[in-house]
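Position 66 (the sequence shown) corresponds to 382 in my numbering; numbering is contiguous.
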Amino acid sequence: MPAKGWVEINDLYCKACETCVTDCPKDVLALDMSRLSPRGYHPAYMARPEDCIACGTCAVVCPDAAITVYKGTPPKKEGEA
Ligand code: SF4
Ligand code: SF4
317 MPAKGWVEIN
327 DLYCKACETC
337 VTDCPKDVLA
347 LDMSRLSPRG
357 YHPAYMARPE
367 DCIACGTCAV
377 VCPDAAITVY
387 KGTPPKKEGE
397 A
């Protein structure tokens with residue numbers, strides 16, 4: 317089943333507190349241990365984007381307002397058919 321939504325996470329605001337990771341009911345989010353943000357944190361990212369239901373929980377619980385939730389089909393990444 318295609319994802320029902322997607323989220324954008326602003327690296328400039330994310331401080332890797334993991335609240336969104338633990339509160340997402342679909343276990344979509346994780347901290348990206350392969351990357352450092354400009355502030356020196358491993359930022360949150362969509363580890364399992366196909367499971368997002370656009371519930372908005374992550375955006376509500378983020379203490380730094382780093383997350384924006386979108387409903388619908390996620391945009392294709394560059395290079396995807
Ligand atoms: S919108 Fe809901 S399902 Fe999607 S990442 Fe955020 S908390 Fe998880
Ligand atoms: S809740 Fe916000 S600040 Fe915390 S890890 Fe998620 S996006 Fe980053």
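Cβ atoms here follow ideal geometry from the backbone N, Cα and C, with glycine treated the same way. For clarity, every value in this text was computed on a predicted model and none was experimentally measured.
Quick check: what's the CA-CA separation for A381 versus G356? 18 Å
Assuming L345 and A363 form a contact by the criterion Cβ under 8 Å, report the distance between their Cβ atoms to the nearest whole angstrom. 6 Å
Straight-line gap, K331 to P341 (C-alpha atoms, nearest Å): 21 Å
Note down the Cα distance separating T335 from W322, rounded to an integer number of angstroms. 17 Å
For V377, I'd like the list of residues in its chain whose CB is within less than 8 Å of its CB, leaving aside the five on either flank, ordered along the chain. T335, C336, D339
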